[in-house]
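*Asks:*
Residue numbers (the UniProt record's numbering): 1 to 96.
1. What would DSSP say about residue 6, mapped onto helix, strand or coil?
2. Could you check what DSSP says for residue 11 in three-state terms: helix, strand or coil?
3. Please list, in chain order, all residues of the same chain as residue 55 whose beta carbon is under 8 Å from its beta carbon, the five residues on each side excluded.
4. To the nearest angstrom, how far is the alpha carbon of residue 77 from that of residue 63?
5. Look at the alpha carbon of residue 87 and the alpha carbon of residue 6, and state the distance between them as a whole number of angstroms.
6. Keeping to the same chain, check which residues put their C-beta closer than 7 Å to that of residue 94; ignore five residues upstream and five downstream.
7. So, is residue 10 buried or exposed, given that buried needs 16 or more other C-beta atoms within 10 angstroms?
8. For the alpha helix (DSSP H) holding residue 78, just list the boundary residues, first then last.
9. Quick one: Cα of residue 4 to Cα of residue 80, how far?
Next comes the structure, spelled out in structure tokens:
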């Protein structure tokens, strides 16, 4: 009987992961990239860093902000993230 419930739990976990992966892949890449705003920030005022690569921001480098939630990342980091995912890496806000 225990084996049955273990098997059910494993199948449920696999189904959850497959649905999560497919859900993140449903938007074409160009639609995801249209939802980020690029800029170059040359001030030294920000002590924060990119939440994807965990590196500090350097003055006058390209950064990108997700329009819908306002989170900011290195432009190359969020572009790579959005090739594989359909949500903000910080808040998981779904890009539509």
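All C-beta atoms in this analysis are idealised placements derived from N, C-alpha and C, irrespective of residue type, glycine included. On a predicted model such as this, the values are computed, not experimentally measured, just so you know.
*Replies:* Reading off the structure:
1. Your numbering for residue 6 matches position 6 in the chain shown. Three-state DSSP puts residue 6 in a helix.
2. One-based indexing of the chain shown puts residue 11 at position 11. Of the three classes helix, strand and coil, the one that applies to residue 11 here is helix, per DSSP.
3. As a position in the chain shown, residue 55 is number 55, starting the count at 1. Taken in chain order, the residues that qualify are 49 and 74.
4. Taking the chain shown and counting its residues from 1, one reaches residue 77 at position 77. Taking the chain shown and counting its residues from 1, one reaches residue 63 at position 63. Between residue 77 and residue 63, the C-alpha separation is close to 9 Å.
5. Taking the chain shown and counting its residues from 1, the one referred to as residue 87 is at position 87. Taking the chain shown and counting its residues from 1, the one referred to as residue 6 is at position 6. For residue 87 and residue 6, the distance between alpha carbons rounds to 31 Å.
6. Counted from its first residue, the chain shown places residue 94 at position 94. Cβ within range, chain order: 86 and 87.
7. By 1-based counting over the chain shown, the position of residue 10 is 10. Result: exposed.
8. Translated into positions along the chain shown, residue 78 becomes position 78. Taken as a continuous stretch (DSSP letters only), the alpha helix (DSSP H) holding residue 78 covers 75 to 84.
9. Your numbering for residue 4 matches position 4 in the chain shown. Your numbering for residue 80 matches position 80 in the chain shown. The straight-line gap from Cα to Cα measures roughly 40 Å.
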